[in-house]
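Asker: Got a structure here, written out as structure tokens. Questions coming.
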Amino acid sequence: MIKFLIKNHWRALVLAFCVGIIILLPTLLSIQKIGLDNFKGIYPMLSDDEDHYMAEVKEAYDGHFSMGNPYIKEYKETLYTQPPVGPAYYAIFAKVFNVSVGTATTINDFILPFIAVLLLYSLFFLITKSRKISLIFSAIFFISFTSSFNRLVNPQLSFIFLLSGLCLIWLIVDKKHSKKELIKYNLLLSVIFGILVYIYPFYWMTIGVVYVLLTSFRALIEKDFKYCLQNWIYFFIPAILWSVPFLLHAQKLFISPLFDETNLRNGFINTHIPGSFVNIAIMIICLPLVYLIWKLAKRERSWPETKLVFLGISLVLGGIILNWQNIITGKIIQFAPHFYPIEILFVCIILVISSLFIDIKKLSKYSLALLCLVVIFTSGIFYKQRGEILYALKIIVSPKDIGTTQNLGDVTTWLNDNTPGDSVAYVLGKDYIWAIPIYTRNNLYFNSNAGLSLMSDTELENRWVISRFFENIDENAVRKASREIWTNKFIETYQSKESRRKILKLIIGNAYPETPSGDQSYIDKVLNAYNKYKNIGFEKAIKTYEVDYIVLDKSYEKYPEVVEKFKFYRFLTFLTQIGDTSIYKVN
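Note that full-length UniProt numbering gives residue 477 to position 477 of the sequence shown, counting from 1, and the numbers run on in steps of one.
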């Protein structure tokens, strides 16, 4: 098998290796920039949400597989709101190979994209049987999303299962199979579906929609509904069984008194953003491609001749169905931007199909039109993704300077060596907020990502206020910190209204007032809490919730005078000074 792969598909292996290296390189170059001797295990953060995913991995690494809350001690064993399998994979990898969480995620920056490239190439090759077309469009897709695959879990891990599922779906519908093969393929697909249920909701939805559409189209074309029903039985019954624990967990979540507030903070409902309309538009503008494919395909009503046409139709419909509730209701139950890479993947598959019907040496008016559209769409993808492509180049040409963050390594090492596991640190210093959950066994008094887990708005507001005890907080400060306090509760609505305001200004020319961020009643509530805790004093305020240590970075511009104040607090015991960082025990 390996010899066959090397002999016949070595170019795909080279592409996979190159993509893996490109994704790994920014981290290696950042370490090289400061010198290996100066590297203290604090890795660069190169993508959005990477610190949150790494905190989840560390949570699993420390044995908290319940994933209740990676930051707040009191909520460690609560119900998880984000699927746990993705972080658990990296944690198990780190344990098996006896490496740190940072090292494990860095190694997987190469391994997982390498596998993903081969799977995408395999999907395209199964559809086209063309090595050249498969290679070209695999390269186009991964060049466009290179920096996205720096982000662990999603899409780095989950995308592998999405591609595996799509490969199996195509194997299932490509031709008729014996009962034994049918059971094998559908059972494997159900396992992948089940795994995705515990990793990433947007991908198991995609698998389900594409599977139903393609199997239904095959049944309609061949008038063989019995065969379609067999497929569904062999897939859906085990898929539902794998999902039962998740459904039971979801039921417990729904009846939790904290669920409604948490769900709103996650931004899953009551928002109205342009992203869904963009996704729908992408699918609609693919219709001319599908039409030309249909015109160039043979008109016989048999599956072998029409399967590529109906694959294209299924992808267009699938892309629309995945976003349908956004268009009809204007409210989303998922983030539309999370479907965007899926939509582009669908476009690439349609472009792959289109390429099969283009013969450069013998162009008809339809094939010429199709060629022009393929070039336009490919150029459009690169143009739309230019920011991500340029960012991927930037962090290679000019690696991130992680010299200053290595100072965090001395503090995190001290905390690991001198404090009990799961103790709580009250942090005064920006960088420690993200570093402590990743590089120590300790918890935090407050972290903005804690709001993604089951907690009340009031407690998050109080913790935020207490964590800013030594700052001057006014209405403007609270508005600026809206996302930090309430996560996505207001930001999605704010962005939606701002987008519409700017669009109307561009079209009509009228200037409209800028949208305020946050709800006034919530802002007043935070300001009242601030006054309350300032009045009762720092000791009573900080002891509102569990706390064991204070980590104070006096180099941070907001806290130079706090060191002097701490000398007069009898409930604090000074423990150590590491550079500009002081550590205190709360008695």
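Cβ coordinates follow ideal geometry from the N, Cα and C atoms, glycine included.
Source: prediction; values computed, not measured.
1) Going by beta-carbon coordinates alone, are A481 and N69 separated by less than 8 Å?
2) Is the Cβ-Cβ distance between F446 and R463 less than 8 Å?
3) In three-state DSSP terms, what is Q577?
4) Sort N476, S178, I195 and R468 by Cα distance to Y227 and report the nearest one.
5) For I207, which residues of its own chain have a beta-carbon under 6 Å away from its beta-carbon, when the five flanking residues on both sides are left out?
6) Quick check on the DSSP output: the alpha helix (DSSP H) that includes Y234 runs from which residue to which?
7) If you follow the beta strand (DSSP E) that A425 is in, where does it begin and where does it stop?
8) Taking the alpha-carbon of P245 as reference, which of I523, E74, C167 and L79 has the nearest alpha-carbon?
9) Specify the secondary structure class of I321 as computed by DSSP and reduced to three states.
10) Does the region 560-569 come close enough to the region 381-397 that 3 or more CB-CB pairs lie under 8 Å?
11) Under the rule that 16 or more other beta-carbon atoms within 10 Å means buried, what is D548, buried or exposed?
12) Could you tell me the boundaries of the beta strand (DSSP E) in which Y549 lies?
13) From T581, S521, E546 and R386, pick the residue whose C-alpha is nearest to that of I143; which is it?
14) Out of I240, P155 and S158, which has the shortest C-alpha to C-alpha gap to L187?
15) Please state the DSSP three-state secondary structure of V212.
16) Does the count of Cβ pairs from the region 468-482 and the region 128-143 closer than 8 Å reach three?
17) So, under 8 Å CB-CB, Y200 and N154 are touching, yes? Tell me the CB distance rounded to an integer number of Å.
18) Can you tell me the Cα-Cα spacing of D553 and G312, whole angstroms?
19) Considering Cα atoms alone, identify which of K76, I523, V14 and L126 is closest to R441.
20) In whole angstroms, what separates the C-alpha of I183 from that of H9?
21) If you drop the 5 nearest sequence neighbours on each side, which residues of the same chain put their C-beta closer than 6 Å to that of F470?
22) My guess is that C167 and L119 are in contact by the Cβ rule of under 8 Å, so how many angstroms apart are they, rounded?
23) Given G35, which residues of its chain have a CB within under 6 Å of its CB, disregarding the five upstream and five downstream residues?
24) Any idea if K129 is buried or exposed, counting beta-carbon neighbours within 10 angstroms, 16 or more meaning buried?
25) Taking the straight line between their C-alpha atoms, what separation do you get for E388 and L247?
26) Could you tell me the alpha carbon to alpha carbon distance between S448 and T306, rounded to whole angstroms?
27) CA-CA distance, S122 and I22?
28) Is the Cβ-Cβ distance between I542 and V478 less than 8 Å?
29) Contact between the region 284-299 and the region 348-362: three or more CB pairs below 8 Å?
30) By alpha-carbon positions, which one of F141, A91 and A219 ends up nearest to V19?
31) Please state whether the Cβ-Cβ distance between L373 and L292 is less than 8 Å.
32) List the DSSP bridge partners of V586.
33) Using a Cβ-Cβ cut-off of 7 Å (strictly less than) and excluding sequence neighbours within five positions of T405, which residues of its own chain qualify?
34) DSSP on L444, reduced to helix/strand/coil?
35) For Q32, is the classification buried or exposed, using 16 other Cβ atoms within 10 angstroms of its Cβ as the cut-off for buried?
36) With a CB to CB cut of under 7 Å and the five nearest residues on each side skipped, what residues in its chain are close to T573?
Answerer: The structure says:
1) As a first step, residue 481 must be located in the sequence shown, where it is residue number 481. As a first step, residue 69 must be located in the sequence shown, where it is residue number 69. Their beta carbons are not under 8 Å apart, which means A481 does not touch N69 by this criterion.
2) Numbered from its first residue, the sequence shown carries residue 446 at position 446. Numbered from its first residue, the sequence shown carries residue 463 at position 463. Cβ distance < 8 Å, so F446 and R463 count as in contact.
3) Locating residue 577 in the sequence shown gives position 577, counting from the first residue. It is a strand residue.
4) Along the sequence shown, read from residue 1 onward, the residue named residue 227 stands at position 227. That would be S178, whose Cα lies nearest to the Cα of Y227.
5) As a first step, residue 207 is located in the sequence shown; it is residue number 207 there, counting from the start. Cβ-Cβ distances below 6 Å link I207 to G165 and F193 in the same chain, with the five nearest sequence neighbours on each side left out; the list follows chain order.
6) What you label residue 234 is simply residue 234 of the sequence shown in a count that begins at 1. Element bounds for Y234: F225 to I255.
7) By 1-based counting over the sequence shown, the position of residue 425 is 425. Unbroken beta strand (DSSP E) run through A425: V424 to L428.
8) In the sequence shown, the residue the question calls residue 245 occupies position 245. Of the candidates I523, E74, C167 and L79, the one whose C-alpha sits nearest the C-alpha of P245 is L79.
9) As a first step, residue 321 must be located in the sequence shown, where it is residue number 321. Three-state DSSP puts I321 in a helix.
10) no
11) Within the sequence shown, numbered from 1, the residue matching residue 548 stands at position 548. So D548 counts as buried.
12) Within the sequence shown, residue 549 is the residue found at index 549, counting from 1. Residues Y549 to D553.
13) If you number the sequence shown from 1, residue 143 lands on position 143. Measuring from the Cα of I143, the nearest candidate turns out to be R386.
14) Along the sequence shown, read from residue 1 onward, the residue named residue 187 stands at position 187. For the residues I240, P155 and S158, the minimum Cα distance to L187 belongs to I240.
15) If you number the sequence shown from 1, residue 212 lands on position 212. Helix.
16) No: fewer than three Cβ pairs fall under 8 Å.
17) Residue mapping note: residue 200 aligns to position 200 of the sequence shown, counting from 1. Residue mapping note: residue 154 aligns to position 154 of the sequence shown, counting from 1. At roughly 5 Å, the Cβ-Cβ gap stays under 8 Å, so Y200 and N154 are in contact.
18) Taking the sequence shown and counting its residues from 1, one reaches residue 553 at position 553. Taking the sequence shown and counting its residues from 1, one reaches residue 312 at position 312. The alpha-carbon atoms of D553 and G312 are separated by roughly 57 Å.
19) On the sequence shown, residue 441 is found 441 positions in, with the first residue counted as 1. Among K76, I523, V14 and L126, the Cα nearest to that of R441 is on K76.
20) Mapped onto the sequence shown, residue 183 falls at position 183. Mapped onto the sequence shown, residue 9 falls at position 9. Cα to Cα, I183 sits roughly 29 Å from H9.
21) For the purposes of this step, residue 470 is taken as the residue at position 470 of the sequence shown. Closer than 6 Å at Cβ, skipping near neighbours: V562.
22) Residue mapping note: residue 167 aligns to position 167 of the sequence shown, counting from 1. Residue mapping note: residue 119 aligns to position 119 of the sequence shown, counting from 1. Correct: roughly 7 Å between the Cβ atoms.
23) Taking the sequence shown and counting its residues from 1, the one referred to as residue 35 is at position 35. Here the set comprises nothing.
24) Mapped onto the sequence shown, residue 129 falls at position 129. Exposed.
25) Mapped onto the sequence shown, residue 388 falls at position 388. Mapped onto the sequence shown, residue 247 falls at position 247. So the two alpha carbons sit approximately 36 Å from each other.
26) Position 448 of the sequence shown holds residue 448. Position 306 of the sequence shown holds residue 306. Put simply, the backbone Cα of S448 is about 51 Å away from that of T306.
27) Position 122 of the sequence shown, counted from the first residue, corresponds to residue 122. Position 22 of the sequence shown, counted from the first residue, corresponds to residue 22. Whole-angstrom Cα-Cα distance: 21 Å.
28) Start at 1 with the first residue of the sequence shown, and residue 542 comes out as number 542. Start at 1 with the first residue of the sequence shown, and residue 478 comes out as number 478. Going by C-beta atoms, I542 is not nearer than 8 Å to V478.
29) The way I'd put it, the region 284-299 does touch the region 348-362; three or more beta-carbon pairs between them come closer than 8 Å.
30) Counted from its first residue, the sequence shown places residue 19 at position 19. Closest option to V19, Cα to Cα, is F141.
31) Position 373 of the sequence shown, counted from the first residue, corresponds to residue 373. Position 292 of the sequence shown, counted from the first residue, corresponds to residue 292. For L373 and L292, yes; Cβs fall inside 8 Å.
32) In the sequence shown, the residue the question calls residue 586 occupies position 586. L572, per the DSSP bridge assignment.
33) Walking along the sequence shown from the start, residue 405 turns up at place 405. Excluding residues within five positions, the ones whose Cβ falls inside 7 Å are I42 and D431.
34) Mapped onto the sequence shown, residue 444 falls at position 444. It is a strand residue.
35) Your numbering for residue 32 matches position 32 in the sequence shown. So Q32 ends up on the exposed side.
36) Within the sequence shown, numbered from 1, the residue matching residue 573 stands at position 573. Around T573, the same chain offers Y584, K585 and N587 as residues with beta carbons nearer than 7 Å, after the five sequence neighbours per side are excluded.
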